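Numbering (this note's numbering), first residue to last: 615 to 828. Glycine included, every Cβ here is placed at the ideal spot set by N, Cα and C. For clarity, every value in this text was computed on a predicted model and none was experimentally measured.
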Amino acid sequence: MESRSLPMAAATSMSVAIAIVFLIYTAAPLGDAASVEHTFIVNQTKMTRLCKATQVTVVNGQLPGPTIEITEGDTVTVHVINRSPYNMTIHWHGVKQFRNCWADGVPMLTQCPILPNKNFTYQFNVVGQEGTLWWHAHVPGLRATVHGAFIIRPRHGAESYPFPQPHKEIPVIIGDWWEKDLAEMARNMTKSIFLSYASASTINGLVGDLFNCS
Numbered sequence: 615m616e617s618r619s620l621p622m623a624a625a626t627s628m629s630v631a632i633a634i635v636f637l638i639y640t641a642a643p644l645g646d647a648a649s650v651e652h653t654f655i656v657n658q659t660k661m662t663r664l665c666k667a668t669q670v671t672v673v674n675g676q677l678p679g680p681t682i683e684i685t686e687g688d689t690v691t692v693h694v695i696n697r698s699p700y701n702m703t704i705h706w707h708g709v710k711q712f713r714n715c716w717a718d719g720v721p722m723l724t725q726c727p728i729l730p731n732k733n734f735t736y737q738f739n740v741v742g743q744e745g746t747l748w749w750h751a752h753v754p755g756l757r758a759t760v761h762g763a764f765i766i767r768p769r770h771g772a773e774s775y776p777f778p779q780p781h782k783e784i785p786v787i788i789g790d791w792w793e794k795d796l797a798e799m800a801r802n803m804t805k806s807i808f809l810s811y812a813s814a815s816t817i818n819g820l821v822g823d824l825f826n827c828s
């Protein structure tokens, strides 16, 4: 039986075309998604609010902690270095951990706590989600100072919003300021002992002008 083959020029052109299509197809996901990496150093520092210096546990020496800002589809990697005297985990509140529950940060359920002077790395993909969420310590009491914003932007940019692109965006985190040992207060709460309330409310870690030494 006579075998037929394409002319050399035609075969070469087709091979090049197939190669180009293959490269475009395989390169598309790399151009779309990114890898976002942070390092969280959890330690204790003194912050002055209400005319008084209070020792608090924070991330990277700031309150609130760092804002994680990504685009839908990105991979998030967070290296947690625990230099505090407490066991620690970080929970990504509202982030759906599809087939990745071990990155959810729930102590004694999805992971062992990060012991003092130990490290742990969280890595997860954020797929099919958009919005403004937050991350926090999944440790009773300490989430009052160990927290920050987690912003997931639409993959297709501002055209995905139902309104024009804003001139400026500012994350606003409303919290409480305690002049107490938060770890001790959390232990008391497990015994149904709740003897105090927050000394002030905060916006992005600061008390308002109605308080002294604000």
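Check	Outcome
Residue interval of the alpha helix (DSSP H) (run including R801)	L796 to T804
Whether I817 touches W749 by CB criterion (9 Å)	no
Beta-bridge partners of Y811, as assigned by DSSP	DSSP, once it has assigned bridges, lists no residue as partnering Y811.
Ranges of the beta strand (DSSP E) found wholly within the region 658 to 719, counting only runs of at least 3	666 to 673, 682 to 685, 689 to 696 and 704 to 707
From M803, T759 and P776, residue whose alpha carbon lies closest to that of E793	T759
Through-space distance from W791 to S813, alpha-carbon basis	6 Å
Three or more C-beta pairs below 8 Å linking the region 754 to 770 and the region 718 to 726	no
Euclidean distance between Cα positions of Q711 and E744	14 Å
The region 690 to 708 contacting the region 722 to 729, beta-carbon criterion three pairs below 8 Å	yes
Beta-carbon proximity list for E686, same chain, < 8 Å, skipping 5 on both sides	V740, V741, G742, Q743, E744, I766, R767, P768 and R769
Cβ-based neighbour list, A800, same chain, cut-off 6 Å, excluding 5 preceding and 5 following	P754 and G755
Nonlocal neighbours in the same chain, by C-beta distance under 8 Å from H705, ignoring five residues either side	D718, G719, V720, W749, H750, A751 and H752
G745 in three-state terms, based on DSSP	strand
Residue interval of the beta strand (DSSP E) (run including D578)	In the structure displayed, the chain extends from 615 to 828; residue 578 sits before or after that span and is not available.
Straight-line Cα distance separating L677 from K660	11 Å
T816: CB within 8 Å of a non-hydrogen atom of the ligand GDP	This structure lacks the ligand GDP, and indeed carries no ligand of any kind.
Reduced DSSP secondary structure (H/G/I, E/B, other) of L820	strand
Closest by C-alpha distance to V694, when choosing among I684, E651 and C665	E651
For M735, the first and last residue of its enclosing beta strand (DSSP E)	Looking at the sequence provided, one finds Thr at residue 735 rather than Met. Run containing T735: N733 to N739, per the beta strand (DSSP E) assignment.
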